[in-house]
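Asker: Pasting a structure here, questions to come.
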Amino acid sequence: MNFKSTKLLAAITIFAAILASCGGGGKKSEGVKSKRAGINEVVIHISADPDKLNGITSTSSNASEVERNIFGSFLDNQLDSPFAIIPGLAKARPLVEEITEGVLKGGLKITYEIRDAAAWDNGSPITVDDVLFTLKAIKNPKVDCEHLRPYYDFIQDVVTYPDNNKKFTFLCKGQYFQSEVWSAITPFPEYIYDPDKIMRKFKVTDFNDPKNVEKLRGNADIINFAKQFNAEKHAREPEGVSGAGPYTLEKWITGQRIILKKKQNYWGEKYVSEDPEFANLPDKLIFEIINDESAALAAVKGENLDVSSSFKSKDFIELQKDEKITSKYKLETPTQLVYSYIGLNMRNPKTSDVKVRRALAHLIDIDQIIKKISYGMATRVVGPTSPQRPYYNSDLKLINFDIAEGNKLLDEAGWKDTDGDGVRDKVINGKKEKLSLTIKIPSGNETSERILLLYQENCKKAGVEISIAQKEWTVFLDEIKVHDFDAYLGSWVSHPLSDDPKQIWHTSSYNGGSNYVGFGDQKSDKVIDELRYELDEAKRNELYKEFQQLVYDAQPYIFMSSPLNKIALHKRFENARARVCRPGYLAKEFKLNPDFGK
C-alpha cells in the first residue's frame, strides 16, 4: 500500500533543484533516434540493492519501489493530490462501525470484502485464510518486522463468515486515528509462505497479551515458522516471493539488477481504471542497480536507463540544457515527502548530552551546503514534520550556523582541549575520550560525501574531529539498526496521509524498530500514544505540535532539508509522467509508443 510505513531512502540525494519541468509528451519526434525504440521494457535506476523483497520484513525504500509491483493491498491511495484512499484488492473502502458492547466496547469494527476475481498465481482465490495468515505472521514475535508490528496492535481479532470466504471484519481496540489505513493489509499467499499451515495452530487473540507473546517467543512452531519466513527464500528467490500484484520476480543479480516480468492474463487488468496499481503495460520492469552518481548520469546520457531520479543539482541543470537529452527525456521535479538529516546516537556517551547534540547542529552550515551543492535550490527543515501539514509547529526556529555558540555549548558540556592537539576531550567513566565522531553514509553517494566534507571543516574549527565511513547499503542498514554508529546521514520518506510517529520516535521502536538514535522517554511516549488514538483533529494537531517541540528540544537529529525529486523519464513511453508519491513515477502504467525514436 502506498501510504504504509516510513522507510529509509537508499540513495540519499539530499538537495533537489526546484526547476521547471522540461520536455513534452512521448509522441514521435522528427530526427530523434533511440537505441531503445520499440522495446517494451522499462529500465529503472535504483542506487542500491533492496534489503529484501518481502513487504513484511523489508525496511528500505528501494524494497518498496520494487515490491509495489509484486504485492497488492486492500486499499491504495492516489499518487497525486488529494491522495484520496481508493479500493485496491477490496471491492470498496471498508465499512467502519463502533463496537457497542463487550470487552472491545468503544473500539471499531472494520469490514472488508475482497474482489471476486482476486486470485494468486496458482489460480486459487485470495480469501480470508490468507488475511488471517498474514496478520498472524506480522504478529509472530520472531518474524523480523519489529518496525511494522506496532501498527497492527490495534487489531485484536478477526470475524469470518462461513458463507463468504471473501469477507472479514477486524475487531479493533480503541479508535486509532489511522485504523482504516492500517487495516488495509497486504495479504500474502498462505500456500507459498506457510505451506505446512503452521500459523493456523494459533489464533489472532493469542498475540494480544504481551505476557503471552513473551511465552510464544519460545514456542517451537512460532520459531520454526519465523525461521523459514525470514529466510532468503522469501526475501529474494523467485519461487519464494509472490503476491497479488501484476508482476513476478524473474531474477535478482546482486549489485546488478532485479528483473520483474509481467503476469499473463492477470486478473487485475480490468480494474486499472479504478486503481493504476493494477497496471502491467510493460513486459518487464528492470531495476538497474548503480550506486555511483556519475555512473548513473553516464547511463542516462548513454540512453541505458528509462527512469532515473539520482542526480546532483548541477548535473540536472546541465541535462536540461542538452538538446540530445531533452529530445529523449522529460526532466521533471515533483514534490515529495522526504527529509534529510544526520542521526546522532543519543546513547553514545560522547553524544548523550543534549548540549553536545545542539552544538553539533550549530556547526553545520546548511545554507552554505544549499548554495554550494544545491545551487540555492533546496528548502531547510526544522523537524520531522513537513510545513505542508496542518499540524506543523511554526513556532520552532531553524538552528542557525554559529561556531561560537557551538563552542560555548561544548564548553558547558565539559569538553575541553586539555592537551592542545586541536581536538576536545573529556574524562568519561574514568577514561579520557576525544570528541572524535564517525559519520556513516552509504557508499557511492558523492553528494553526501561533499556535504560531510564541508561539515568536517566547520567541526574542526570547534575542536570536533569528524571521520566519514562509507558502507555498502545493506551493511549500512544492518549497522544502524543495531545502533552501531556515532552518527549517520539519512533520509526518511513518508506517505501523504497523517504521520504516525511511533515507528521512528517511540522508545518501543528502539530494539528492532526504526528509532535508531534512541530518542524518547515516558513523556514523549505518552504524547505519541495519545495522538494515535485522538480522533478530534484539533486536539490531535496540538499533540503533534507538542511532539515536535519534544524532538526539537532533544536534538536527536540534525535536520537538514526537504527536497523535490529530480527525475528523468524516457519519452518513448507516451504517458510517462512524474508523480508526487515516492518514488515519483509508476512504471507499470507506462505505455510504449512503438514509433518513437525509429
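Counted the way this note's numbering counts, the sequence shown spans residues 692 to 1289.
Every residue gets a Cβ at the ideal spot worked out from N, C-alpha and C, and that includes glycine.
(1) Using a Cβ cut-off of 7 angstroms (strictly closer), state whether residue 856 contacts chain B.
(2) Can you give, in chain order, each stretch of the beta strand (DSSP E) that sits fully within the region 936-981 and has at least 3 residues?
(3) Could you give the distance in angstroms between the alpha-carbon of residue 1035 and the alpha-carbon of residue 1150?
(4) Buried or exposed, going by whether 16 or more other CB atoms sit within 10 Å of the CB of residue 1040?
(5) Between the C-alpha atoms of residue 1013 and residue 980, what's the straight-line distance to the nearest angstrom?
(6) Please report how far the alpha carbon of residue 962 lies from the alpha carbon of residue 810, in whole angstroms.
(7) Within the same chain, show all residues whose beta-carbon is closer than 6 angstroms to that of residue 970, passing over the 5 residues directly before and after it, in chain order.
(8) Roughly how far, in whole angstroms, is the beta-carbon of residue 1105 from the beta-carbon of residue 1054, given that I think they are within contact range, below 8 angstroms?
(9) Apart from the five residues just before and just after residue 1214, which ones in its own chain have a Cβ nearer than 8 angstroms to its Cβ?
(10) Taking C-alpha atoms, which residue in 749, 1172, 1169 lies nearest to residue 920?
(11) Hey, out of 1081, 1095, 1259, whose CA is closest to residue 1188's CA?
(12) Residue 752 and residue 1031: beta carbons closer than 7 angstroms?
(13) Quick one: Cα of residue 1117 to Cα of residue 1049, how far?
(14) DSSP three-state label for residue 738, please.
(15) Counting along the chain, where does the alpha helix (DSSP H) carrying residue 853 start and finish?
(16) Buried or exposed: where does residue 1276 fall if 16 or more other Cβ atoms within 10 Å of its Cβ makes it buried?
(17) Please list the segments of the beta strand (DSSP E) lying wholly inside the region 744-830, counting only runs of 3 or more residues, in order along the chain.
(18) Taking all protein chains shown into account, do 16 or more other C-beta atoms lie within 10 angstroms of the C-beta of residue 1157, making it buried, or fewer, making it exposed?
(19) What residue from 1135, 1139, 1147, 1132 has the CA that sits closest to residue 1126's CA?
(20) Tell me, which residues are paired with residue 1133 by DSSP?
(21) With a 10 Å radius around its C-beta and 16 neighbouring C-beta atoms as the bar for buried, classify residue 1226 as buried or exposed.
(22) Taking the alpha-carbon positions, what's the residue 1109 to residue 1115 distance?
(23) Let me check one thing: in DSSP terms, what residues is residue 1073 bridge-paired to?
(24) Check whether the region 845-863 touches the region 895-906, taking contact to mean three or more Cβ pairs, one atom from each stretch, closer than 8 angstroms.
(25) Who pairs with residue 732 in a beta bridge, going by DSSP?
(26) Kindly indicate which residue of 941, 885, 965, 834 has the alpha-carbon position closest to the one of residue 782.
(27) Determine the extent of the beta strand (DSSP E) in which residue 1261 is found, giving its start and end residues.
(28) Taking residue 889 as part of the alpha helix (DSSP H), name the residues at either end of that continuous run.
(29) Taking DSSP as the reference, what is the three-state secondary structure of residue 1058?
(30) Near residue 1090, what residues of its chain come up, given a Cβ to Cβ distance below 7 angstroms and the 5 sequence neighbours on each side ignored?
Answerer: Reading from the atomic positions:
(1) Here chain B cannot be found, since the structure has a single protein chain.
(2) Within the region 936-981, the complete beta strand (DSSP E) runs of at least 3 residues are 938-944, 948-953, 975-980.
(3) 15 angstroms
(4) exposed
(5) 25 angstroms
(6) So the two alpha carbons sit approximately 13 angstroms from each other.
(7) Cβ within range, chain order: 963, 1279, 1280.
(8) Not a contact, Cβ separation roughly 17 angstroms.
(9) 1241
(10) Scanning 749, 1172, 1169 for the CA closest to the CA of residue 920 turns up 749.
(11) 1081
(12) no
(13) 18 angstroms
(14) coil
(15) From DSSP, residue 853 is part of no alpha helix (DSSP H); its letter is neither H nor E.
(16) So residue 1276 counts as buried.
(17) 766-768, 776-778, 786-789, 799-804
(18) buried
(19) 1147
(20) 1162
(21) exposed
(22) 7 angstroms
(23) None, per the DSSP bridge assignment.
(24) yes
(25) 975
(26) 965
(27) 1258-1261
(28) For residue 889, there is no enclosing alpha helix (DSSP H), as DSSP marks it with neither H nor E.
(29) helix
(30) Taken in chain order, the residues that qualify are 1052, 1053.
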